[in-house]
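Enquirer: My questions all concern the structure below.
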Ligand SMILES: [Mn+2]
């Protein structure tokens, strides 16, 4: 099981490869706002744990295990953003809140939140009902 920090790297690397076809140490450092030497260290660890293959001058590629996990992590992040949006969390809080909670929920909870998101998506009236409660609580 990857640690929260490893998850952040795998998630970011997966997104970079999806968007650009490759992930450079400098791009990862920029995305995660860390020093490139920290990226190199973590990438070596991820290589050792078989989430990716890293060669200094050739760049890095995710293993099938790394890809599978990366995909799940990106899905989890997006689902949690959707969830917070539906329950009426202010836009400016959503990204940071997801970064704060995403590593600390079991997949069991993630899947049940997925059900709840689906419940609201199936009928916009349900979202309106929730908005009413939200408005009342703010009065
Ligand atoms: Mn994230």
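Numbering (our numbering), first residue to last: 80 to 218.
C-beta: ideal position from N, C-alpha, C; glycine also.
Owing to the predicted nature of the structure, the values given are computational and were not obtained by experimental measurement.
Looking at the unbroken alpha helix (DSSP H) that takes in residue 145, where does it start and where does it end?
Expert: Counting along the chain, the alpha helix (DSSP H) containing residue 145 begins and ends at 143 to 165.
Enquirer: Suppose only complete runs of 3+ residues qualify. What are the beta strand (DSSP E) ranges in the segment 102 to 135, listed by chain order?
Expert: 131 to 134
Enquirer: Hey, would you say residue 166 sits closer than 8 Å to residue 209, going by beta carbons?
Expert: yes
Enquirer: Residue 181: beta carbon under 7 Å from a heavy atom of ligand 1?
Expert: Yes, the Cβ of residue 181 comes within 7 Å of a heavy atom of ligand 1.
Enquirer: Answer yes or no: the CB of residue 213 versus the heavy atoms of ligand 1, is any distance below 7 Å?
Expert: no
Enquirer: Apart from the five residues on each side of it in sequence, which residues of its chain come closer than 7 Å, Cβ to Cβ, to residue 181?
Expert: 155, 156 and 159
Enquirer: Which residues share a DSSP beta bridge with residue 139?
Expert: 133
Enquirer: Is the segment 86 to 104 touching the segment 130 to 149 in the sense that three or more CB pairs, one from each, lie closer than 8 Å?
Expert: yes
Enquirer: Can you tell me where the alpha helix (DSSP H) with residue 213 in it begins and where it stops?
Expert: 203 to 217
Enquirer: In terms of residues, what are the limits of the alpha helix (DSSP H) holding residue 84?
Expert: 83 to 99
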